[in-house]
Amino acid sequence: MLRTLTLAGLVISAVGLTAHAQEKIQIGAAMPITGPVAHGALQEKRGLEIALEEINAKGGVLGKQIELLYEDNQCNPSLAVTVTNKLLEAGVPAVLGQQCSSAVLATMPLFQKAEVPLVSSIATNPKISQLAGVGGNPWVFRLNPSDRELAVANVNYLASLGGIQKIAIVAESTDYGRGGADAFAEAAKDKGLEVVSTDFHPLGAPDFTTIIARLQNNGAQAVAVYQAHADNANFARQAHSMGLKTVMTGKLSLDGDTFAELIKQGAYDDAVTAFPYSPAVDTPENKDFAARVLAKYGESATYETFAGYESLHILAQAIERAGSAEPKAIRDALVKTSYKSMIGATVDFDDHNQAHNNAVIITVKDRVLGVRDVFPTK
């Protein structure tokens, strides 16, 4: 008798679990929750959670609440493959994130084989777009500009300032760092600027003194960096203490308390970057979003916060348009995306499943961070 009751209880529990799963649409969210770029995942998660609260408060999607299943890829390609397989085995109809270019590139074949869409909103290596859509993989979509588009805008602005002819490049030895370095070098060459040196370093490098000493002696008037947040802060701190007098440029994420303090100290004097986002972009929607993030978390919105927020809204709208939470229906709906971004552009996808949102020219003048221009990348 006891055995019969136990089995009955198991059946009831299984039915309850199935009913629970049917009540919600579970979306995968893969990101480096731990490791050297965990700060970016923290910020992305904040944006995702704000969007999740908004969507679910309005009834969710297709009458169901959305639930996010988080997995930690540590910005490691091998681990990214492992956690992506875990999410796909769990039956999620779509995945957001991966954040790091190496993680996106490593998992793109998995999404194609499983026929499940990935929406990437932070990784910037140009290869991602080259391989997506008509490049061969119809299941991967990127919301943010690639490093190629940002590098061209960055170099054009530097050239317009006059006086800068020689530039060095310092980048992490990852797909992100090498892709960014290549894109910047190509843009500089096209504009007639000379790249005097290129240095790569491991992700999470503690000491940049050898590289900085080289920059002090090779005539570089600017240094283009492609580094994780912590590495760039560390590089800027050491360069400032060693008296390096070059303009910092490249892919600079200058939002947040750590960078505010370094800017105040003079570590980023005259810095300039073309970047996908700034909380200072002057649109009503962005000002409202930035205020809400600051009120909720006590810190300014960052690129990752913005990316997480808009990526979930774009995916949720695609599911609603599809009228289904089936992967193929979602993919077909994503192709037809038309979403008004809070920084001004209408987000849609080209033949390579690459969106072309606005981007921002950000500068530091008199130790004050400011937006100089918002420009289209389309």
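All residue numbers in the sequence shown are consecutive under our numbering, ending with 496. Beta carbons: idealized from backbone N, C-alpha and C, even for Gly.
Can you tell me which of Thr464, Gly426, Leu223 puts its alpha carbon nearest to the alpha carbon of Glu162? Gly426
Closer than 6 Å by C-beta to His474: which residues in its own chain qualify, once you throw out the five before and the five after it? Chain order, please. Thr495, Lys496
Residue nearest to Leu160 in terms of C-alpha spacing, selected from Phe326, Thr464, Gly374, Pro211: Taking Leu160 as reference, the option from Phe326, Thr464, Gly374, Pro211 with the minimal CA-CA separation is Gly374.
Once the 5 residues before and after His431 are set aside, which same chain residues still bring their CB inside 6 Å of it? Ala169
What residue from Phe259, Glu233, Ala354, Ala389 has the CA that sits closest to Gln472's CA? Phe259
Which of helix, strand or coil does DSSP assign to His319? strand
Can at least three beta-carbon pairs, one atom from the stretch 243 to 252 and one from the stretch 220 to 230, be found at a separation below 8 Å? Touching, per the Cβ criterion.
Taking the straight line between their C-alpha atoms, what separation do you get for Gly441 and Gln356? C-alpha of Gly441 to C-alpha of Gln356: approximately 54 Å in a straight line.
Evaluate contact between the stretch 235 to 242 and the stretch 204 to 223, counting only Cβ atoms and requiring at least three cross-stretch pairs below 8 Å. yes
Lys309: first and last residue of the uninterrupted alpha helix (DSSP H) it sits in: Looking at the DSSP string, Lys309 is not in any alpha helix (DSSP H), and its letter there is neither H nor E.
Which residues in the same chain have their Cβ closer than 6 Å to the Cβ of Lys309, if we skip the five residues on either side of it in sequence? Val273, Ala277
Check this for me: beta carbons of Tyr275 and Ile479, under 8 Å apart or not? yes
Taking the CB atoms as reference points, tell me whether Ala338 and Val314 lie closer together than 8 Å. yes
Thinking just about the alpha-carbon of each residue, which of Glu417, Lys284, Leu370, Met360 is nearest to the one in Asn336? Lys284
Please state if the CB of Cys193 and the CB of Ala175 are separated by a distance shorter than 8 Å. Cβ distance not < 8 Å, so Ala175 and Cys193 don't count as in contact.
Is there contact between the stretch 442 to 449 and the stretch 383 to 390, where contact requires at least three CB pairs shorter than 8 Å? no
Same chain only: Cβ atoms within 8 Å of Ala303, ignoring 5 sequence neighbours per side: Ile287, Val313, Thr316
For Asp498, three-class secondary structure by DSSP: Look at the range of the chain in this structure, 119 to 496, and you will see that residue 498 is not part of it.
Please name the residue in Glu141, Thr200, Gly209 whose C-alpha comes closest to that of Gly177. Glu141
Alpha carbon to alpha carbon, how far is Lys363 from Leu370? Give it in angstroms, no decimals. 17 Å
Whole-number beta carbon distance between Arg164 and Val411, since they are thought to touch under 8 Å: Contact check for Val411 and Arg164: beta-carbon distance about 7 Å, within the 8 Å limit, so the pair qualifies.
Kindly list the residues whose CB is nearer than 8 Å to the CB of Asp468, restricted to its own chain and excluding five residues on each side of it in sequence; keep chain order. Gly251, His474
DSSP three-state call for Gly165: helix, strand or coil? helix
Sequence-distant residues of its chain with Cβ nearer than 7 Å to Asn203 (five each side left out): Leu228
Excluding five sequence neighbours on each side, which residues of the same chain lie with their C-beta closer than 8 Å to the C-beta of Tyr457? Glu428, His431, Ile432, Gln435, Thr464, Val465, Asp466
Confirm, please, whether the CB-CB distance from Ile151 to Gly212 is below 8 Å. What sits at residue 212 in the sequence shown is Ala, not Gly. No.
Buried or exposed for Met360, please, with buried defined as at least 16 other CB atoms from any protein chain shown within 10 angstroms of its CB. exposed
Have a look at Ala156 and Val453 and give me their C-alpha separation to the nearest angstrom. 31 Å
Close-in-space but distant-in-sequence residues of the same chain around Pro256 (CB under 8 Å, 5 per side omitted): Gln230, Ala250, Arg449, Asn471
When the Cα of Pro320 is compared with those of Ala301, Thr292, Leu187, which residue comes out closest? Thr292
If you draw a straight line from the alpha carbon of Arg266 to that of Thr367, how long is it in whole angstroms? 14 Å
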